[in-house]
Amino acid sequence: MTKPETRIAADPKNYQFDLPFRPEPAPLAETIHKRAWAVAGTVASLRGGPPEETVRLIVIHATAGSTTDGAVSVMAAGRASFHWVVPGKDEPAHGRHVWATCPERLAAWHVRRSCAHPDICDGANNLNRASLGIEVVNRQDGEDPFSDWQIEAAAAIVRYAWAKYPNLAHVTSHARLDPGRRTDPGVNFPWTEFMERVRGR
Numbered sequence: 001m002t003k004p005e006t007r008i009a010a011d012p013k014n015y016q017f018d019l020p021f022r023p024e025p026a027p028l029a030e031t032i033h034k035r036a037w038a039v040a041g042t043v044a045s046l047r048g049g050p051p052e053e054t055v056r057l058i059v060i061h062a063t064a065g066s067t068t069d070g071a072v073s074v075m076a077a078g079r080a081s082f083h084w085v086v087p088g089k090d091e092p093a094h095g096r097h098v099w100a101t102c103p104e105r106l107a108a109w110h111v112r113r114s115c116a117h118p119d120i121c122d123g124a125n126n127l128n129r130a131s132l133g134i135e136v137v138n139r140q141d142g143e144d145p146f147s148d149w150q151i152e153a154a155a156a157i158v159r160y161a162w163a164k165y166p167n168l169a170h171v172t173s174h175a176r177l178d179p180g181r182r183t184d185p186g187v188n189f190p191w192t193e194f195m196e197r198v199r200g201r
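Going letter by letter, the sequence shown gives residues 1 to 201 in the UniProt record's numbering.
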């Protein structure tokens with residue numbers, strides 16, 4: 001009798017991959033979230049240059065909640081912001097479109113100013129000015145699996161941005177940039193599959 005296979009959980013602090021050549025332009029099924037869009041200017045900053053020049057990084061987050069509205073309430077409270085939300089499995093938008101929550105020309109507040117990693121953007125900090133933030137609705141309690149559509153939708157956002165921004169080179173997790181405080185998108189996020197979907201299209 002063979003022993004059952006032992007599955008070693010992935011560590012979100014190691015989630016990162018780099019993007020090679022630029023692909024062909026990729027459409028994105030997105031809808032502006034009016035409530036988020038209305039407050040985005042109060043919870044985001046100027047980049048210091050056009051995004052076509054400054055965007056070098058995409059950061060993947062999980063909301064630690066179960067709804068898009070819960071994530072947007074964080075923006076409304078002035079605590080953080082992000083460029084897109086991938087809806088949860090029980091939401092009407094799931095399977096249809098992602099929510100655009102902040103203009104890409106602005107630097108959303110989704111990573112602490114002091115966060116940096118030597119393998120990302122030459123070790124620079126203040127990465128909000130160089131990045132785009134994606135929130136995926138997930139409770140992040142270890143018992144809430146990401147849906148196949150959520151992974152594909154997040155990959156579609158990256159492909160869209162990859163084709164649009166010539167200096168975009170890195171995709172990483174929030175946990176990699178802020179390992180002492182954050183674990184998202186969590187051990188249940190299928191990072192290798194996500195990477196393959198981004199690169200394989």
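Quick reminder that beta carbons are idealized off the backbone N, C-alpha and C, glycines included. Please read these numbers as outputs of a predicted model, since none were measured by experiment.
Linking residue 81 to residue 106 through their CA atoms gives a straight-line distance of about 10 angstroms. When DSSP states are grouped into helix, strand and coil, residue 54 belongs to the helix group.
Residue 163 and residue 24 do touch by the CB rule: their CB atoms are close to 6 angstroms apart, below 8 angstroms. DSSP places residue 157 in the helix class (H, G or I) of the three-state scheme. Counting of Cβ neighbours within 10 angstroms places residue 38 among the exposed residues, the total staying below 16. Where residue 172 is concerned, the enclosing beta strand (DSSP E) starts and stops at 170-173. Ranked by Cα distance from residue 134, the options 87, 200 and 52 are led by 87.
It is roughly 12 angstroms from the alpha-carbon of residue 27 to the alpha-carbon of residue 97.
Residue environment for residue 186: buried (at least 16 other C-beta atoms within 10 angstroms of its C-beta).
Below 8 angstroms, enough C-beta pairs join the segment 54-66 and the segment 159-178 to call them touching: three or more. Contact between the segment 179-193 and the segment 136-147 is present, with at least three C-beta pairs closer than 8 angstroms. Under DSSP, residue 189 takes part in no beta bridge, so it has no partner.
DSSP places residue 91 outside both helix and strand once states are collapsed to three, so it counts as coil.
For the set 19, 195, 146 and 158, the Cα lying nearest the Cα of residue 83 is the one of 158. The residues 81, 102, 106, 107, 108 and 109, in chain order, have a CB closer than 7 angstroms to that of residue 44 in the same chain once the five nearest residues on each side in sequence are set aside. When the beta-carbon positions are compared, residue 125 and residue 116 come within less than 9 angstroms of each other. For residue 196, the secondary structure class from DSSP, reduced to helix, strand or coil, is helix.
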